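The sequence shown begins at 833 in our numbering and counts up one residue at a time.
First comes the structure, then the notes that go with it.
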Amino acid sequence: MSKIKMQNTVLNYVFDDFKKQHTIVFSNSLGTDLTMWDKQVELLGKEFNILRYDTRGHGKSEATEGEYSIEMLGNDVLDLLDSLKIEKVNFCGLSIGGLTGQWLGIHASKRLNKLILCNTGVKIGNKEGWNTRIETVQKNGLDSIVSGTQERWFTTEFVSENKGEVDSVLATFVQTPVAGYISCCAAVRDANFTDEVSKILAPTLIISGTEDLVTTIKDGDFLMEKIPNSILAGLKTAHISNIEKADDFTKLLIEFIKN
Ligand SMILES: O=C(O)CCC(=O)CC(=O)O
833 MSKIKMQNTV
843 LNYVFDDFKK
853 QHTIVFSNSL
863 GTDLTMWDKQ
873 VELLGKEFNI
883 LRYDTRGHGK
893 SEATEGEYSI
903 EMLGNDVLDL
913 LDSLKIEKVN
923 FCGLSIGGLT
933 GQWLGIHASK
943 RLNKLILCNT
953 GVKIGNKEGW
963 NTRIETVQKN
973 GLDSIVSGTQ
983 ERWFTTEFVS
993 ENKGEVDSVL
1003 ATFVQTPVAG
1013 YISCCAAVRD
1023 ANFTDEVSKI
1033 LAPTLIISGT
1043 EDLVTTIKDG
1053 DFLMEKIPNS
1063 ILAGLKTAHI
1073 SNIEKADDFT
1083 KLLIEFIKN
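What follows is the structure, encoded as structure tokens:
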């Protein structure tokens, strides 16, 4: 792992430079960190260089003060690419990472080869829900929402067969800095790409979870209707599809980027 001091923050990242032609950048979901992609690295590393980073306020990245915006998180990615002198990438983001991906697709098209938007939507949830979550976490901490989080993130079948793995993801969740988590909640609350998403020109793969109640398959359908050069794949998962159906997820990425 390395840390990089950028214009406005310090980001933690891991760059596996396998000297391949293409690089794929992974952007984590709310309350996770770059280790959420561990199951993708082995297979994908045979084909691509892999750059993973902790979203601002998460993992070992700095939790700067004040509310964040998706624009800020998108610019963090551009600063990171500039610092590492990487011109063009394939970008894969899940949930809030998918909002960052949409922002990049709209505002930084020339930095993208292909875009993968997972378990996300043009808008996630509503203002009231996010404000309630912010207040709850401010008052009672992340432990107070851990059981609801597990229910949204994984199907009951997956939890019963993979208890250790789920516990480890949730251990990362409760270690997320409260300030970073709620600042990112504000970024999600304020994001709405309904009117801009059709400007995305990069070929785009949308991955939705058929059992995802946070960002539904309908949200994925809407993205596909609006983004001109896009396709949609559904996996039988809840919100964290890349962990719940890791191999299927990884194969979708390889096929999409290589073709
Ligand atoms: O996962 C995200 O990045 C945002 C959506 C969300 O809050 C998922 C959840 O915890 O329910």
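From the three backbone atoms N, C-alpha and C, an ideal C-beta is built for every residue, glycine too.
Remember, it's a predicted structure, so these values are computed and weren't measured experimentally.
Separation of residue 860 and residue 925 (C-alpha to C-alpha, rounded to the nearest whole angstrom) is 6 Å.
Buried is the label assigned to residue 863, since at least 16 other Cβ atoms lie within 10 Å of its Cβ.
When rounded, the separation of the alpha-carbon atoms in residue 1013 and residue 909 is 18 Å. Between the alpha carbons of residue 992 and residue 1001 lies a gap of roughly 14 Å. For residue 1076 against residue 1082, the beta-carbon gap comes to about 12 Å, at or over 8 Å, which does not count as contact. With 16 or more other CB atoms across the displayed protein chains lying within 10 angstroms of its CB, residue 1005 is buried. Linking residue 971 to residue 965 through their CA atoms gives a straight-line distance of about 10 Å.
Between the beta-carbon of residue 1071 and that of residue 985 there is about 5 Å, and that keeps the pair under the 8 Å contact cut. Taking 8 Å as the upper bound for CB-CB distance, residue 994 and residue 869 are not in contact here, some 17 Å apart.
Going by C-alpha positions, residue 894 is about 20 Å away from residue 933. Excluding sequence positions up to five before and after residue 1008, its CB lies within less than 7 Å of the CB of 863, 890 and 974, all in the same chain and listed in chain order. In this structure the stretch 1033-1050 touches the stretch 933-953; the number of beta carbon pairs closer than 8 Å is three or more. For residue 929, the closest alpha carbon among the candidates 871, 951, 996 and 979 is that of 951.
Taking the CA atoms as reference points, residue 899 sits about 33 Å from residue 854. Remark: the C-beta of residue 981 is in contact range of ligand 1, defined as less than 6 Å to any heavy atom.
At the C-beta level, residue 888 and residue 846 stay beyond 7 Å of one another. Linking residue 921 to residue 939 through their CA atoms gives a straight-line distance of about 14 Å. For residue 896, the closest of 1049, 848, 843 and 876 by C-alpha to C-alpha distance is 843. Spanning the alpha carbons of residue 1064 and residue 1028 requires a straight line of approximately 19 Å. In the structure shown, residue 916 adopts coil according to DSSP, grouped into three states. Counting of Cβ neighbours within 10 angstroms places residue 1025 among the buried residues, the total reaching 16 or more.
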